[in-house]
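So the structure is just underneath, and the comments pick up after that.
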Amino acid sequence: MSKLNHQISLLELIQILSAHRQSIILNLHKLKEDYHRTGIKRVRGIRDINGDLITPWLQTEDIYPGDFVQMGVFAINRNTATINMLVRRKVKLVKAEDNTPMIEVAGLLANDLDNFNNYTIVKDGRVNVSALNIKVSNKQVFDLLKSKDVIKDDKFDFHAEYTIELDNLPLVPVNINFGNIDGLFTQLAEIKVVTSILSAYLRHQSDVFVNSQVEELKQHYLSKNLYLNFPTTQEYPETIDSRISYKIDFGNQDILNLGKLYSANQFLGRRYEVYDKETGEIFLKPTFELVFNDNIAVRQKAISSRMKLTKVDDLMKPIFDDFLGINITGKIGEILNKVDDHSLALLLYAQHAGKAVNREDLIAAMTTAYQKLAAYVEQMYQENISPMVFYIGATGLLPNKISTQAMSADELVTKYPHLQFSKHEQEGTFFEVGNSIISVYSQTEYYSKKSLAVS
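Numbered by the working numbering, the letters in the sequence shown go through residues 661 to 1115 in order.
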(Lines of atoms letter the chains of each structure in order from A and count residues from 1; the text may use other names and numbers.)
(Lines give C-alpha, C1' and ligand atoms only; values in the text may rest on other atoms or scores of the structure.)
Protein backbone atom coordinates (compact mmCIF):
# COMPACT_ATOMS: atom_id res chain seq x y z
CA MET A 1 0.00 0.00 0.00
CA SER A 2 2.87 2.38 0.70
CA LYS A 3 3.99 2.26 -2.93
CA LEU A 4 0.47 3.06 -4.10
CA ASN A 5 0.41 6.18 -1.94
CA HIS A 6 3.54 7.47 -3.70
CA GLN A 7 2.37 6.65 -7.21
CA ILE A 8 1.48 9.41 -9.59
CA SER A 9 -2.28 9.68 -9.91
CA LEU A 10 -4.12 9.33 -13.18
CA LEU A 11 -5.23 12.96 -12.85
CA GLU A 12 -1.59 14.10 -12.60
CA LEU A 13 -0.57 11.85 -15.51
CA ILE A 14 -3.26 13.40 -17.70
CA GLN A 15 -1.88 16.85 -16.87
CA ILE A 16 1.63 15.76 -17.95
CA LEU A 17 0.37 14.19 -21.19
CA SER A 18 -1.61 17.37 -21.92
CA ALA A 19 1.34 19.68 -21.29
CA HIS A 20 3.66 17.64 -23.55
CA ARG A 21 1.21 16.30 -26.13
CA GLN A 22 3.19 17.75 -29.05
CA SER A 23 6.04 15.34 -28.21
CA ILE A 24 3.79 12.28 -27.95
CA ILE A 25 1.95 10.20 -30.55
CA LEU A 26 -0.75 7.69 -29.64
CA ASN A 27 -1.50 4.25 -31.07
CA LEU A 28 -5.16 4.80 -31.88
CA HIS A 29 -5.61 1.30 -33.29
CA LYS A 30 -4.71 -0.31 -29.96
CA LEU A 31 -6.86 2.19 -28.07
CA LYS A 32 -9.89 1.19 -30.15
CA GLU A 33 -9.21 -2.51 -29.48
CA ASP A 34 -9.32 -1.85 -25.73
CA TYR A 35 -12.17 0.63 -25.82
CA HIS A 36 -15.61 0.21 -24.20
CA ARG A 37 -18.39 2.44 -25.47
CA THR A 38 -19.93 4.67 -22.78
CA GLY A 39 -22.95 5.93 -24.72
CA ILE A 40 -25.44 4.86 -27.37
CA LYS A 41 -23.73 3.94 -30.63
CA ARG A 42 -24.67 6.24 -33.48
CA VAL A 43 -24.06 6.08 -37.22
CA ARG A 44 -23.99 8.77 -39.88
CA GLY A 45 -27.28 9.34 -41.63
CA ILE A 46 -31.01 9.75 -41.04
CA ARG A 47 -33.88 7.27 -41.04
CA ASP A 48 -36.83 7.32 -43.42
CA ILE A 49 -40.42 6.64 -42.37
CA ASN A 50 -39.72 2.89 -42.57
CA GLY A 51 -36.68 3.16 -40.31
CA ASP A 52 -34.22 2.45 -43.12
CA LEU A 53 -30.91 4.29 -42.91
CA ILE A 54 -30.23 7.00 -45.50
CA THR A 55 -26.51 7.69 -45.47
CA PRO A 56 -24.96 11.11 -46.36
CA TRP A 57 -23.97 11.72 -49.96
CA LEU A 58 -20.49 12.62 -48.74
CA GLN A 59 -18.11 10.75 -46.46
CA THR A 60 -14.60 11.31 -45.08
CA GLU A 61 -11.27 9.64 -45.77
CA ASP A 62 -8.18 9.96 -43.61
CA ILE A 63 -5.46 11.99 -45.29
CA TYR A 64 -2.77 10.29 -43.20
CA PRO A 65 -4.00 6.73 -42.56
CA GLY A 66 -2.13 4.69 -40.01
CA ASP A 67 -2.20 3.52 -36.42
CA PHE A 68 -0.73 6.65 -34.81
CA VAL A 69 -2.18 10.10 -34.16
CA GLN A 70 -1.06 13.10 -32.14
CA MET A 71 -1.79 12.69 -28.43
CA GLY A 72 -5.31 13.95 -27.81
CA VAL A 73 -6.57 16.86 -25.76
CA PHE A 74 -7.91 15.88 -22.32
CA ALA A 75 -10.82 17.48 -20.50
CA ILE A 76 -12.47 16.68 -17.19
CA ASN A 77 -16.25 16.55 -17.44
CA ARG A 78 -18.03 19.45 -15.75
CA ASN A 79 -20.36 17.40 -13.56
CA THR A 80 -19.16 13.79 -13.42
CA ALA A 81 -15.93 11.97 -12.52
CA THR A 82 -15.21 11.53 -16.21
CA ILE A 83 -12.15 12.33 -18.33
CA ASN A 84 -12.47 12.49 -22.11
CA MET A 85 -9.72 12.63 -24.72
CA LEU A 86 -10.43 14.44 -27.99
CA VAL A 87 -8.46 13.04 -30.95
CA ARG A 88 -8.10 14.96 -34.20
CA ARG A 89 -7.40 13.42 -37.61
CA LYS A 90 -6.93 15.17 -40.94
CA VAL A 91 -9.55 14.09 -43.47
CA LYS A 92 -10.89 14.99 -46.89
CA LEU A 93 -14.47 14.93 -48.16
CA VAL A 94 -15.29 12.44 -50.92
CA LYS A 95 -18.49 11.48 -52.72
CA ALA A 96 -19.94 8.30 -51.23
CA GLU A 97 -20.95 6.85 -54.63
CA ASP A 98 -17.52 6.87 -56.28
CA ASN A 99 -14.97 8.33 -53.79
CA THR A 100 -14.46 11.42 -55.95
CA PRO A 101 -12.78 14.08 -53.76
CA MET A 102 -14.64 17.32 -53.06
CA ILE A 103 -11.91 19.84 -53.75
CA GLU A 104 -13.84 23.10 -53.28
CA VAL A 105 -16.87 24.10 -51.25
CA ALA A 106 -18.19 27.67 -50.98
CA GLY A 107 -14.97 29.03 -52.46
CA LEU A 108 -12.81 27.13 -49.96
CA LEU A 109 -10.50 24.15 -50.36
CA ALA A 110 -12.14 21.19 -48.64
CA ASN A 111 -9.22 18.76 -48.82
CA ASP A 112 -7.74 19.52 -45.38
CA LEU A 113 -10.46 19.18 -42.74
CA ASP A 114 -10.42 17.88 -39.18
CA ASN A 115 -12.42 14.93 -37.90
CA PHE A 116 -12.82 14.82 -34.10
CA ASN A 117 -13.51 11.76 -31.96
CA ASN A 118 -13.96 11.65 -28.19
CA TYR A 119 -12.70 8.70 -26.16
CA THR A 120 -13.69 8.30 -22.53
CA ILE A 121 -10.62 7.47 -20.42
CA VAL A 122 -12.41 7.53 -17.06
CA LYS A 123 -16.20 7.17 -16.70
CA ASP A 124 -17.94 7.96 -13.41
CA GLY A 125 -14.80 7.27 -11.37
CA ARG A 126 -13.89 4.03 -13.16
CA VAL A 127 -11.05 3.60 -15.63
CA ASN A 128 -12.49 2.86 -19.08
CA VAL A 129 -9.18 2.46 -20.96
CA SER A 130 -6.68 0.14 -19.30
CA ALA A 131 -3.58 1.46 -21.12
CA LEU A 132 -2.28 4.01 -23.61
CA ASN A 133 0.39 2.97 -26.12
CA ILE A 134 2.58 5.88 -27.11
CA LYS A 135 5.81 6.94 -28.79
CA VAL A 136 7.84 9.84 -27.40
CA SER A 137 10.00 12.13 -29.55
CA ASN A 138 11.53 14.23 -26.74
CA LYS A 139 14.02 12.67 -24.28
CA GLN A 140 13.09 15.16 -21.55
CA VAL A 141 9.47 14.06 -21.77
CA PHE A 142 10.60 10.42 -21.67
CA ASP A 143 12.70 11.15 -18.58
CA LEU A 144 9.74 12.87 -16.89
CA LEU A 145 7.42 9.93 -17.53
CA LYS A 146 10.19 7.54 -16.45
CA SER A 147 10.68 9.48 -13.20
CA LYS A 148 6.95 9.08 -12.48
CA ASP A 149 7.32 5.31 -12.98
CA VAL A 150 4.71 5.13 -15.74
CA ILE A 151 7.34 4.11 -18.34
CA LYS A 152 9.31 1.04 -17.27
CA ASP A 153 11.98 1.05 -20.01
CA ASP A 154 15.38 2.37 -18.97
CA LYS A 155 16.59 3.55 -22.39
CA PHE A 156 15.06 6.31 -24.49
CA ASP A 157 14.21 5.13 -28.01
CA PHE A 158 12.14 7.41 -30.20
CA HIS A 159 11.18 4.40 -32.36
CA ALA A 160 9.97 2.38 -29.39
CA GLU A 161 6.34 2.05 -28.35
CA TYR A 162 5.76 2.41 -24.62
CA THR A 163 2.73 1.12 -22.74
CA ILE A 164 1.38 3.33 -19.97
CA GLU A 165 -0.85 1.30 -17.68
CA LEU A 166 -3.79 3.35 -16.40
CA ASP A 167 -5.83 0.84 -14.40
CA ASN A 168 -3.20 0.45 -11.67
CA LEU A 169 -2.98 4.17 -10.88
CA PRO A 170 -4.90 5.97 -8.13
CA LEU A 171 -7.39 8.35 -9.74
CA VAL A 172 -6.57 11.44 -7.67
CA PRO A 173 -3.52 12.68 -5.74
CA VAL A 174 -3.43 11.95 -2.01
CA ASN A 175 -2.78 15.59 -1.13
CA ILE A 176 -4.76 17.50 -3.73
CA ASN A 177 -5.31 21.23 -3.38
CA PHE A 178 -8.40 23.03 -4.65
CA GLY A 179 -8.99 26.71 -5.25
CA ASN A 180 -11.70 28.75 -3.58
CA ILE A 181 -15.02 28.44 -5.45
CA ASP A 182 -16.83 31.19 -3.52
CA GLY A 183 -18.44 33.65 -5.92
CA LEU A 184 -17.58 31.61 -9.02
CA PHE A 185 -21.13 30.50 -9.66
CA THR A 186 -22.50 34.02 -10.10
CA GLN A 187 -19.70 34.82 -12.55
CA LEU A 188 -20.40 31.65 -14.55
CA ALA A 189 -24.16 32.23 -14.50
CA GLU A 190 -23.84 35.80 -15.80
CA ILE A 191 -21.44 34.71 -18.53
CA LYS A 192 -23.76 31.86 -19.52
CA VAL A 193 -26.62 34.33 -19.94
CA VAL A 194 -24.51 36.49 -22.28
CA THR A 195 -23.15 33.55 -24.30
CA SER A 196 -26.68 32.17 -24.64
CA ILE A 197 -27.84 35.51 -26.09
CA LEU A 198 -24.87 35.68 -28.46
CA SER A 199 -25.32 32.05 -29.55
CA ALA A 200 -29.02 32.64 -30.26
CA TYR A 201 -28.27 35.72 -32.36
CA LEU A 202 -25.31 34.17 -34.21
CA ARG A 203 -27.02 30.85 -34.93
CA HIS A 204 -27.28 31.55 -38.68
CA GLN A 205 -24.83 34.45 -38.82
CA SER A 206 -21.13 34.42 -39.74
CA ASP A 207 -18.42 37.02 -39.41
CA VAL A 208 -16.61 35.41 -42.37
CA PHE A 209 -19.16 34.06 -44.84
CA VAL A 210 -22.24 35.46 -46.57
CA ASN A 211 -25.54 33.59 -46.17
CA SER A 212 -25.27 31.71 -49.47
CA GLN A 213 -21.84 30.40 -48.46
CA VAL A 214 -23.17 29.26 -45.07
CA GLU A 215 -25.97 27.42 -46.89
CA GLU A 216 -23.54 25.71 -49.28
CA LEU A 217 -21.32 24.67 -46.38
CA LYS A 218 -24.38 23.19 -44.65
CA GLN A 219 -25.26 21.17 -47.76
CA HIS A 220 -21.75 19.69 -47.58
CA TYR A 221 -22.06 18.88 -43.86
CA LEU A 222 -19.79 21.72 -42.77
CA SER A 223 -20.58 24.28 -40.09
CA LYS A 224 -19.86 27.98 -40.47
CA ASN A 225 -16.72 27.29 -38.38
CA LEU A 226 -15.69 24.60 -40.92
CA TYR A 227 -16.34 21.70 -38.55
CA LEU A 228 -17.74 18.48 -39.99
CA ASN A 229 -21.36 18.18 -38.96
CA PHE A 230 -22.86 14.96 -40.32
CA PRO A 231 -26.37 13.98 -39.19
CA THR A 232 -26.34 10.90 -36.97
CA THR A 233 -28.91 8.42 -35.75
CA GLN A 234 -28.93 5.52 -33.33
CA GLU A 235 -27.61 2.28 -34.79
CA TYR A 236 -29.92 -0.70 -34.47
CA PRO A 237 -30.48 -3.43 -33.77
CA GLU A 238 -28.36 -2.58 -30.74
CA THR A 239 -28.05 -4.20 -27.33
CA ILE A 240 -28.72 -1.40 -24.87
CA ASP A 241 -27.87 -1.53 -21.19
CA SER A 242 -28.11 1.03 -18.40
CA ARG A 243 -26.12 2.16 -15.39
CA ILE A 244 -26.40 4.68 -12.60
CA SER A 245 -24.28 7.81 -13.04
CA TYR A 246 -23.63 10.25 -10.21
CA LYS A 247 -23.83 13.92 -11.14
CA ILE A 248 -22.08 16.63 -9.16
CA ASP A 249 -23.38 20.16 -9.72
CA PHE A 250 -22.62 23.42 -8.05
CA GLY A 251 -24.57 26.60 -7.48
CA ASN A 252 -25.35 28.99 -4.65
CA GLN A 253 -28.11 29.78 -2.15
CA ASP A 254 -30.17 31.46 -4.89
CA ILE A 255 -29.83 29.10 -7.89
CA LEU A 256 -29.00 25.42 -7.49
CA ASN A 257 -27.09 25.03 -10.77
CA LEU A 258 -26.65 26.50 -14.25
CA GLY A 259 -29.31 24.16 -15.62
CA LYS A 260 -31.95 26.34 -13.95
CA LEU A 261 -31.24 29.25 -16.31
CA TYR A 262 -33.56 29.83 -19.25
CA SER A 263 -32.19 29.75 -22.78
CA ALA A 264 -31.93 33.18 -24.41
CA ASN A 265 -34.98 32.74 -26.65
CA GLN A 266 -37.03 31.24 -23.78
CA PHE A 267 -36.33 34.23 -21.54
CA LEU A 268 -36.94 36.67 -24.40
CA GLY A 269 -40.43 35.22 -24.83
CA ARG A 270 -40.99 35.04 -21.06
CA ARG A 271 -40.24 38.66 -20.15
CA TYR A 272 -40.41 40.69 -23.39
CA GLU A 273 -42.62 41.47 -26.36
CA VAL A 274 -40.96 41.57 -29.77
CA TYR A 275 -43.07 43.44 -32.29
CA ASP A 276 -43.08 45.01 -35.74
CA LYS A 277 -42.82 48.80 -35.37
CA GLU A 278 -44.86 49.44 -38.53
CA THR A 279 -47.71 46.94 -38.17
CA GLY A 280 -47.67 46.46 -34.39
CA GLU A 281 -47.68 42.67 -34.87
CA ILE A 282 -46.38 40.86 -31.78
CA PHE A 283 -44.34 37.74 -32.50
CA LEU A 284 -45.65 34.81 -30.45
CA LYS A 285 -42.31 32.93 -30.52
CA PRO A 286 -39.67 35.67 -30.66
CA THR A 287 -36.01 34.91 -31.30
CA PHE A 288 -32.86 37.00 -31.10
CA GLU A 289 -32.43 36.62 -34.85
CA LEU A 290 -35.42 39.00 -35.16
CA VAL A 291 -34.29 41.54 -32.60
CA PHE A 292 -31.71 43.46 -34.60
CA ASN A 293 -33.79 43.93 -37.73
CA ASP A 294 -34.56 47.61 -38.37
CA ASN A 295 -38.34 47.22 -38.25
CA ILE A 296 -38.34 45.23 -34.99
CA ALA A 297 -38.61 46.65 -31.47
CA VAL A 298 -38.62 45.10 -27.98
CA ARG A 299 -40.49 46.14 -24.86
CA GLN A 300 -41.05 44.63 -21.45
CA LYS A 301 -43.98 42.26 -21.13
CA ALA A 302 -46.59 42.83 -18.45
CA ILE A 303 -46.26 40.28 -15.66
CA SER A 304 -49.34 38.09 -15.51
CA SER A 305 -50.85 36.84 -12.27
CA ARG A 306 -49.83 33.31 -13.25
CA MET A 307 -46.14 34.12 -13.71
CA LYS A 308 -43.98 33.30 -10.72
CA LEU A 309 -40.80 35.37 -10.67
CA THR A 310 -37.72 33.60 -9.33
CA LYS A 311 -34.09 34.25 -8.47
CA VAL A 312 -33.30 33.24 -12.05
CA ASP A 313 -35.37 36.21 -13.25
CA ASP A 314 -33.48 38.46 -10.83
CA LEU A 315 -30.15 37.36 -12.34
CA MET A 316 -31.12 37.34 -16.01
CA LYS A 317 -33.35 40.42 -16.30
CA PRO A 318 -30.69 43.15 -15.75
CA ILE A 319 -28.41 41.49 -18.32
CA PHE A 320 -31.20 41.27 -20.91
CA ASP A 321 -32.34 44.83 -20.20
CA ASP A 322 -28.82 46.12 -20.79
CA PHE A 323 -28.26 44.04 -23.93
CA LEU A 324 -31.59 45.10 -25.43
CA GLY A 325 -31.24 48.75 -24.42
CA ILE A 326 -34.42 48.76 -22.32
CA ASN A 327 -32.60 49.79 -19.16
CA ILE A 328 -28.91 50.61 -19.55
CA THR A 329 -27.21 49.11 -16.50
CA GLY A 330 -23.67 48.65 -17.84
CA LYS A 331 -23.97 44.95 -17.03
CA ILE A 332 -22.83 43.75 -20.46
CA GLY A 333 -19.70 45.94 -20.31
CA GLU A 334 -18.99 44.69 -16.78
CA ILE A 335 -19.19 41.03 -17.82
CA LEU A 336 -17.12 41.55 -20.98
CA ASN A 337 -14.44 43.36 -18.98
CA LYS A 338 -13.61 39.99 -17.39
CA VAL A 339 -12.18 38.88 -20.73
CA ASP A 340 -10.79 42.30 -21.68
CA ASP A 341 -13.33 42.73 -24.49
CA HIS A 342 -14.74 46.21 -25.07
CA SER A 343 -15.84 46.29 -28.73
CA LEU A 344 -19.24 44.65 -28.34
CA ALA A 345 -20.35 46.79 -25.39
CA LEU A 346 -19.32 49.97 -27.23
CA LEU A 347 -21.30 48.95 -30.33
CA LEU A 348 -24.38 47.95 -28.32
CA TYR A 349 -24.42 51.15 -26.28
CA ALA A 350 -23.89 53.22 -29.46
CA GLN A 351 -26.85 51.45 -31.05
CA HIS A 352 -29.00 52.07 -27.98
CA ALA A 353 -28.06 55.77 -28.21
CA GLY A 354 -29.53 55.88 -31.72
CA LYS A 355 -26.25 55.80 -33.63
CA ALA A 356 -25.89 53.77 -36.82
CA VAL A 357 -24.00 50.52 -36.27
CA ASN A 358 -22.74 48.38 -39.13
CA ARG A 359 -24.31 44.91 -38.97
CA GLU A 360 -21.10 43.15 -40.07
CA ASP A 361 -19.13 44.95 -37.35
CA LEU A 362 -21.73 43.87 -34.78
CA ILE A 363 -21.59 40.22 -35.90
CA ALA A 364 -17.78 40.26 -35.77
CA ALA A 365 -17.80 41.78 -32.27
CA MET A 366 -20.37 39.25 -31.06
CA THR A 367 -18.34 36.36 -32.49
CA THR A 368 -15.15 37.53 -30.80
CA ALA A 369 -16.92 38.15 -27.48
CA TYR A 370 -18.53 34.70 -27.58
CA GLN A 371 -15.20 32.99 -28.25
CA LYS A 372 -13.46 34.86 -25.43
CA LEU A 373 -16.23 34.19 -22.91
CA ALA A 374 -16.44 30.50 -23.84
CA ALA A 375 -12.66 30.10 -23.43
CA TYR A 376 -12.80 31.92 -20.07
CA VAL A 377 -15.55 29.63 -18.78
CA GLU A 378 -13.69 26.51 -19.92
CA GLN A 379 -10.56 27.71 -18.12
CA MET A 380 -12.53 28.40 -14.93
CA TYR A 381 -13.99 24.91 -15.01
CA GLN A 382 -10.76 23.07 -15.76
CA GLU A 383 -8.77 24.99 -13.13
CA ASN A 384 -11.26 25.51 -10.30
CA ILE A 385 -14.35 23.33 -10.58
CA SER A 386 -13.84 20.16 -12.64
CA PRO A 387 -10.95 18.79 -10.49
CA MET A 388 -13.17 19.07 -7.38
CA VAL A 389 -16.09 17.46 -9.21
CA PHE A 390 -13.77 14.66 -10.35
CA TYR A 391 -12.44 14.14 -6.82
CA ILE A 392 -15.94 13.91 -5.32
CA GLY A 393 -17.16 11.57 -8.05
CA ALA A 394 -14.07 9.35 -7.91
CA THR A 395 -13.79 9.06 -4.12
CA GLY A 396 -17.36 9.62 -2.95
CA LEU A 397 -15.94 12.11 -0.46
CA LEU A 398 -15.59 15.85 -0.09
CA PRO A 399 -11.99 17.12 -0.02
CA ASN A 400 -10.45 16.99 3.47
CA LYS A 401 -10.31 20.77 3.78
CA ILE A 402 -14.09 21.05 3.36
CA SER A 403 -15.92 20.42 6.60
CA THR A 404 -19.68 20.53 6.25
CA GLN A 405 -22.73 18.39 6.98
CA ALA A 406 -24.69 16.64 4.24
CA MET A 407 -28.28 17.85 3.74
CA SER A 408 -31.30 16.37 2.01
CA ALA A 409 -33.41 18.36 -0.44
CA ASP A 410 -36.05 18.82 2.27
CA GLU A 411 -33.48 20.22 4.69
CA LEU A 412 -32.01 22.53 2.06
CA VAL A 413 -35.36 23.89 0.89
CA THR A 414 -36.31 24.59 4.50
CA LYS A 415 -33.24 26.83 4.71
CA TYR A 416 -33.61 28.31 1.20
CA PRO A 417 -37.32 28.04 0.20
CA HIS A 418 -36.82 29.67 -3.21
CA LEU A 419 -34.51 26.90 -4.54
CA GLN A 420 -35.96 24.79 -7.35
CA PHE A 421 -35.34 21.04 -7.60
CA SER A 422 -35.73 18.61 -10.48
CA LYS A 423 -37.03 15.09 -9.90
CA HIS A 424 -33.47 13.71 -9.76
CA GLU A 425 -32.26 16.49 -7.48
CA GLN A 426 -35.05 15.87 -4.95
CA GLU A 427 -33.36 12.55 -4.14
CA GLY A 428 -29.89 14.11 -3.94
CA THR A 429 -27.44 15.06 -1.21
CA PHE A 430 -26.30 18.65 -0.74
CA PHE A 431 -23.31 20.36 0.88
CA GLU A 432 -23.12 24.07 1.70
CA VAL A 433 -19.58 25.36 1.22
CA GLY A 434 -19.27 29.07 1.95
CA ASN A 435 -21.84 30.72 -0.33
CA SER A 436 -21.79 27.74 -2.71
CA ILE A 437 -23.94 24.60 -2.72
CA ILE A 438 -22.60 21.30 -4.08
CA SER A 439 -25.25 18.81 -5.24
CA VAL A 440 -24.75 15.06 -5.68
CA TYR A 441 -27.54 13.04 -7.29
CA SER A 442 -27.99 9.98 -9.49
CA GLN A 443 -29.32 9.58 -13.01
CA THR A 444 -29.79 6.58 -15.27
CA GLU A 445 -27.61 6.48 -18.39
CA TYR A 446 -27.87 4.14 -21.37
CA TYR A 447 -25.06 2.68 -23.48
CA SER A 448 -24.48 0.18 -26.28
CA LYS A 449 -23.08 -3.17 -25.22
CA LYS A 450 -20.51 -4.95 -27.35
CA SER A 451 -22.04 -7.79 -29.30
CA LEU A 452 -20.94 -11.27 -28.23
CA ALA A 453 -21.76 -12.70 -31.65
CA VAL A 454 -18.82 -13.83 -33.75
CA SER A 455 -18.83 -12.12 -37.15
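By construction, the Cβ of each residue, glycine as well, lies at the ideal position given by its N, Cα and C atoms.
Handout entry: DSSP beta-bridge partners of LYS752
Key = GLU721
Handout entry: 7 Å Cβ shell around TYR881 - same chain, five flanking residues per side excluded
Key = These residues qualify, in order along the chain: PRO716, LEU718, LEU888, ASN889 and PHE890.
Practice task
On a CA-only basis, which of THR742, ALA1034 and PHE1091 is nearest THR1064? Give me that one, please.
Solution key: PHE1091
Exercise for the section: For TYR1030, collect the residues of the same chain with a Cβ closer than 7 Å to its Cβ; drop the 5 residues on either side in sequence, then sort them by chain order. Expected result: Same-chain partners within the cutoff: THR855, LEU858, SER859 and LEU862.
Exercise for the section: Could you check the C-alpha separation between ASN987 and PRO978 for me, to the nearest Å? Expected result: Linking ASN987 to PRO978 through their CA atoms gives a straight-line distance of about 8 Å.
Handout entry: PHE983 versus TYR1036 - alpha carbon distance
Key = 20 Å
Problem - Where the alpha helix (DSSP H) through ASP973 begins and ends - result: 971 to 984
Practice task
Have a look at PHE927, SER683 and LYS1061 and flag the residue whose alpha-carbon is nearest the alpha-carbon of HIS819.
Solution key: SER683
Problem - Reduced DSSP secondary structure (H/G/I, E/B, other) of MET745 - result: strand
Handout entry: Through-space distance from ILE956 to GLY699, alpha-carbon basis
Key = 43 Å
Handout entry: Element boundaries [alpha helix (DSSP H), containing TYR695]
Key = Neither: TYR695 is in no alpha helix (DSSP H) and is coded neither H nor E.
Practice task
Pick helix, strand or coil for GLN800, following the three-state DSSP scheme.
Solution key: Looking at GLN800 - three-state DSSP - the assignment turns out to be helix.
Handout entry: Selected residue, minimal CA-CA separation from ARG786, among GLN800, ASN710 and TYR1051
Key = TYR1051
Exercise for the section: May I ask which residues mark the beginning and end of the beta strand (DSSP E) holding VAL703? Expected result: 702 to 704
Exercise for the section: Tell me whether LEU1112 sits in a helix, a strand or coil according to DSSP, three-state version. Expected result: A caution first: LEU1112 carries a pLDDT of 44, below 50, which makes its placement in the model unreliable, though a value can still be read off. Correct three-state label for LEU1112: coil.
Exercise for the section: Just the C-alpha distance for SER1102 and LYS815, rounded to the nearest angstrom, thanks. Expected result: Rounded to the nearest angstrom, the two C-alpha atoms are 47 Å apart.
Problem - CB contact flag (SER1099, ASP909, <8 Å) - result: Cβ distance < 8 Å, so SER1099 and ASP909 count as in contact.
Exercise for the section: Give a yes or no on whether the C-beta atoms belonging to ASN1044 and ILE743 are separated by under 8 Å. Expected result: no
Practice task
Quick one: residues in its chain with C-beta nearer than 6 Å to the C-beta of LYS783, no 5 flanking neighbours on either side, listed in chain order?
Solution key: Only THR698 and THR742 meet the Cβ criterion.
Problem - Own chain partners of LEU1086 with C-beta closer than 8 Å, once the 5 adjacent residues on each side are dropped - result: As written in the sequence, residue 1086 is Gln, which differs from the Leu given in the question. These residues qualify, in order along the chain: ALA1069.
Exercise for the section: Note down the Cα distance separating ILE942 from ASP827, rounded to an integer number of angstroms. Expected result: 60 Å
Exercise for the section: Report yes if the CB atom of ALA766 is closer than 8 Å to the CB atom of LEU877, and no otherwise. Expected result: yes
Problem - Proximity to ASP936 [Cα-Cα], best of VAL958, VAL747, ILE811 and GLY911 - result: That would be VAL958, whose Cα lies nearest to the Cα of ASP936.
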